[in-house]
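Read in order, the letters of the sequence shown are residues 4 to 172 in this note's numbering.
C-beta: ideal position from N, C-alpha, C; glycine also.
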Amino acid sequence: MSELNHLANTIEQHFANSPASSFVHFVVVSDGLTGEQAAQVPGEQFNSIWAITNHMAFWMDYTRAALLDEDVDLIVWGMAEIGKGWPPLGAITDAAWQAARQCAMERCRAFAAVIRTLDSATLDEPQQRLSGGTPRQAIMAMYGHNCYHTAELLTVRHMQGLWVDHQWA
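If you want it as C-alpha cells, here you go:
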C-alpha cells in the first residue's frame, strides 16, 4: 500500500468507520444521540457534541480545500470569517443533528479521497495554503485534531451520563 493510501485509510478508518481499533471512533461516539443531547453544553467552558462535530467537519473541509489550492465557501458554513472555525448549529432538531453528523463523515471521506490523489513527490514541500506547512504535516495534524476532539466527544457524553457501549474489533 502506498504511503498516501495508508494516510488516507488512517484518517478515514479512525473517524468514519467501525469497529474501533485502539480507541472508539467518531462514528461510534456520535451515534445514538438526539439533536437535543448533541446540542447540550455540559458545563461552563465546554462545547456541545454538535459544536465539536461541526468544528471537525469544517477543518477537514478546510484542509481538503487547501490541499487542492481552493477556497472554502464560508457562507455554506455560516461563518463570516475564517478565524472562528466553529460553525453555528442552526435549528436544534434530530434531523439537523443527523445531517451534521453525516456531513462530518462525508467531509472525512472527501478529505481522505483528496489525500489519495496527492503527488507523493510533493508530500514534504511547503504550501502557502497550508500556512507554509507541508501536506504531510497538515494530514498528520488533522489526524491528531480528530483524535483529540473524538476523545472530547466521549468525555462530553460521559458528563451527560450517555455512556458508549462498543464492541472492540
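Residues Pro45 of the same chain have their beta carbon placed closer than 6 Å to that of Met162, with the five preceding and five following residues left out of the count.
Note on the segment 130-160: there is no whole alpha helix (DSSP H) run with a minimum of 4 residues.
Judged by DSSP in its simplified three-state form, Thr125 adopts helix. DSSP places Gln16 in the helix class (H, G or I) of the three-state scheme. For the pair Trp100 and Ala41, the CB atoms are nearer than the 8 Å cut-off. Per DSSP, reduced to three states, the secondary structure at Asp74 is coil, with no helix or strand assignment.
Per DSSP, Gly38 is one residue of the alpha helix (DSSP H) stretching across Gly38 to Ala42. Residue range Asp97 to Thr120 is occupied by the alpha helix (DSSP H) that includes Glu109.
Taken atom to atom, the span from the alpha-carbon of Glu39 to that of Ser33 is near 13 Å.
Annotation for Phe61: Trp80, Gly88 and Pro90 place their beta carbon closer than 7 Å to its own, counting only its chain and skipping 5 residues before and after.
Per DSSP, reduced to three states, the secondary structure at Leu92 is coil, with no helix or strand assignment.
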